[in-house]
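Below is one structure, written out as structure tokens; the observations come after it.
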Amino acid sequence: MYRPDLHLGALRGPLPRSPLHVLRTYLAATSLLYAIGVALTLFPVDDSATLSDPTGGLVAVALGIAALGWLSMRPQRPFPAVIAACVATPAVMAFHELISAEFLCMVAAMFLAMYLRATFPRRQAWVIIGLLTVGCVVALGVAPAPKYLSTYIVVAVAIPAAAESFGLLTRTLLTAVCTDPLTGVFNRAGWELATTGLLDGRRSAAAVTVISLDIDDIASVAVTRGREAADQQLVQNARACVGLLPAETAMARLGDSEFAICVVHDDDGPPGEAAALIDELRRHLPGASLAAATAPAPAADITALHAQAATRLASVRRDRARRSDQPDPQ
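Pasting the structure below:
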């Protein structure tokens with residue numbers, strides 16, 4: 028069964044807007060906390076407190092501010108901001124005098140690992156999480172804070188464990204919320220996220236095509252053979268569609284038998300990629316009606332394109348119904 032993945036690699040573009048907001052929140056919160064730590068080190072309120080070298084904190088604050096600035100200018104490319112976040116926490120840990128402060132920084136790394144596991148493709152997430160964990164362990168090793176073997180073990184285990192438990196749970200929930208449970212393609216919520224990611228990730232593309240597709244005989248199958256048979260036919264048709272789709276594509280079920288497909292491509296007319304895909308869909312799904320609308324990528328409005336395609340689809344279905352009602356000339 029096709030299971031869509033709402034993450035960076037699958038969308039070929041930026042993170043969806045909600046996870047990107049989470050990254051901004053993480054960077055702002057950790058930068059603020061590191062700045063407070065630096066301020067308390069430079070201007071201590073308790074003369075008996077053990078103070079650390081503020082160099083790591085200053086580096087972390089600079090990285091956080093730079094990452095936030097990058098996201099404000101280049102939200103389509105969040106990866107440099109993620110790397111900055113991964114470097115910031117080990118930079119602070121490398122200068123701590125107290126082991127309790129190291130564990131507080133480890134908590135920040137755990138939250139970042141959860142975020143990575145939830146929003147990045149599995150392999151890419153684990154590469155970054157592994158580097159983050161190694162960075163924290165190395166920073167702990169060079170830090171002047173007293174530590175034991177168990178301290179290294181806790182840091183090395185806690186960060187990836189948090190990622191696999193809570194991060195995977197968040198990823199699973201996100202996918203479930205955005206997936207049609209019957210066919211496994213996107214639902215309406217997933218459609219919004221996926222099409223936004225496709226457009227933001229392919230600003231250089233020439234055109235965007237939205238295809239509106241309806242399986243015509245589902246209602247009659249449900250009446251004559253039952254709802255279960257109709258559902259099986261929907262699943263089979265969805266699988267057939269998915270097998271024909273190129274990489275830069277999002278597909279969603281928006282109604283009982285209504286599907287929408289968004290294609291981002293480098294040509295805007297026949298015999299281009301979108302026209303070839305429409306021909307393939309017609310050939311493999313003879314019982315379906317479909318129509319499409321295309322617009323240049325820089326000015327593409329997915330909602331407007333889908334409305335145009337749906338209007339054309341209604342006309343196509345009326346024509347098919349009219350032809351089927353005409354008597355067979357014999």
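Counting in this note's numbering, the sequence shown runs from 28 upward without gaps.
Every residue, glycine too, gets a C-beta built ideally from N, C-alpha and C.
These figures come from a predicted structure and were not determined experimentally.
Secondary structure of Thr321, DSSP reduced to three states: As a working note, residue 321 is residue 294 in the sequence shown. Here Thr321 sits in strand by DSSP.
- prompt: Anyone know if the C-beta pair for Met141 and Ala183 falls short of 9 Å?
  reply: Within the sequence shown, the letter at position 114 stands for residue 141. Within the sequence shown, the letter at position 156 stands for residue 183. Going by C-beta atoms, Met141 is not nearer than 9 Å to Ala183.
task: Could you give the DSSP three-state label for Glu285: helix, strand or coil?
output: Stepping through the sequence shown from its first residue, residue 285 is reached at position 258. Strand.
query: Whole alpha helix (DSSP H) runs in the region 121-191 with 4 or more residues, listed along the chain?
result: 126-146, 149-169 and 176-189
task: For Thr210, collect the residues of the same chain with a Cβ closer than 7 Å to its Cβ; drop the 5 residues on either side in sequence, then sort them by chain order.
output: Taking the first residue of the sequence shown as 1, we reach residue 210 at position 183. Once the five neighbours on either side are set aside, the close Cβ partners of Thr210 are Leu261, Val262, Ala265 and Arg280.
message: Need the endpoints of the alpha helix (DSSP H) that Asp258 sits in, please.
response: Translated into positions along the sequence shown, residue 258 becomes position 231. Start and end: Arg254 to Leu271.
Terminal residues of the alpha helix (DSSP H) in which Arg309 lies: As a position in the sequence shown, residue 309 is number 282, starting the count at 1. Where Arg309 is concerned, the enclosing alpha helix (DSSP H) stretches over Glu300 to His311.
- request: Assign Gly168 to buried or exposed, taking buried as 16 or more other Cβ atoms, counted over all protein chains shown, within 10 Å of its Cβ.
  value: Here residue 168 refers to the residue found at position 141 when the sequence shown is read from its first residue. Gly168 is exposed by the Cβ-count criterion.
task: Measuring alpha carbon to alpha carbon, tell me which of Val291, Ala56 and Arg101 ends up nearest Val134.
output: Residue mapping note: residue 134 aligns to position 107 of the sequence shown, counting from 1. Comparing Cα-Cα distances from Val134 to each of Val291, Ala56 and Arg101, the minimum goes to Ala56.
query: Is Ala234 helix, strand or coil when you go by DSSP?
result: One-based indexing of the sequence shown puts residue 234 at position 207. If DSSP states are grouped into helix, strand and coil, Ala234 belongs with the strands.
- request: Could you tell me whether the region 51-68 touches the region 111-121, where touching means 3 or more Cβ pairs closer than 8 Å?
  value: yes
- prompt: From Ala221 to Asp283, what distance separates their C-alpha atoms?
  reply: Counting from 1 along the sequence shown, the entry for residue 221 is found at position 194. Counting from 1 along the sequence shown, the entry for residue 283 is found at position 256. Those two C-alpha atoms are separated by around 20 Å.
query: Would you call the region 146-154 and the region 121-132 in contact, with 3 or more CB pairs under 8 Å?
result: no
- request: Quick one: grab the DSSP three-state call for Arg280.
  value: Translated into positions along the sequence shown, residue 280 becomes position 253. It is a strand residue.
- request: Taking only the alpha-carbon atoms, compute the straight-line gap between Thr236 and Ala287 and give it to the nearest angstrom.
  value: Taking the first residue of the sequence shown as 1, we reach residue 236 at position 209. Taking the first residue of the sequence shown as 1, we reach residue 287 at position 260. In a straight line, the C-alpha of Thr236 is about 10 Å away from that of Ala287.
query: Just how far apart, CA to CA, sit Val86 and Ile63?
result: Mapped onto the sequence shown, residue 86 falls at position 59. Mapped onto the sequence shown, residue 63 falls at position 36. Val86 and Ile63: Cα-Cα distance of roughly 13 Å.
- prompt: When we look at the beta-carbon of Glu275 and count the other beta-carbons within 10 Å, is it buried (16 or more) or exposed?
  reply: In the sequence shown, counting from the first residue as 1, residue 275 sits at position 248. The residue is buried, with at least 16 neighbouring Cβ atoms inside 10 Å.
- prompt: Does the distance from the CB of Pro107 to the CB of Ala94 come in under 9 Å?
  reply: If you number the sequence shown from 1, residue 107 lands on position 80. If you number the sequence shown from 1, residue 94 lands on position 67. Against a cut-off of 9 Å, the Cβ pair of Ala94 and Pro107 comes out as a contact.
message: Rounding to the nearest angstrom, what Cα-Cα distance links Gly84 and Pro171 in this structure?
response: The residue given as residue 84 occupies position 57 in the sequence shown. The residue given as residue 171 occupies position 144 in the sequence shown. Spanning the two alpha carbons is a distance of roughly 15 Å.
query: If you compare alpha carbons, which of Ala203, Val181 and Lys174 is closest to Thr160?
result: Taking the first residue of the sequence shown as 1, we reach residue 160 at position 133. Selected option, being the one with the closest Cα: Val181.
Strand pairing of Ala315, partner residues [DSSP]: Taking the sequence shown and counting its residues from 1, one reaches residue 315 at position 288. Partner(s): Ile242.
query: Straight-line CA distance for Leu317 to Glu300?
result: Start at 1 with the first residue of the sequence shown, and residue 317 comes out as number 290. Start at 1 with the first residue of the sequence shown, and residue 300 comes out as number 273. Their Cα atoms are separated by approximately 16 Å.
task: Using alpha carbons as the reference points, say which of Asp243, Pro81, Ala337 and Leu272 lies closest to Phe122.
output: By 1-based counting over the sequence shown, the position of residue 122 is 95. Nearest of Asp243, Pro81, Ala337 and Leu272 to Phe122, Cα basis: Pro81.
- prompt: Can at least three beta-carbon pairs, one atom from the region 322-337 and one from the region 235-249, be found at a separation below 8 Å?
  reply: yes
- prompt: Do Gln335 and Ala324 have their CB atoms nearer than 9 Å?
  reply: Translated into positions along the sequence shown, residue 335 becomes position 308. Translated into positions along the sequence shown, residue 324 becomes position 297. No. Outside cutoff.
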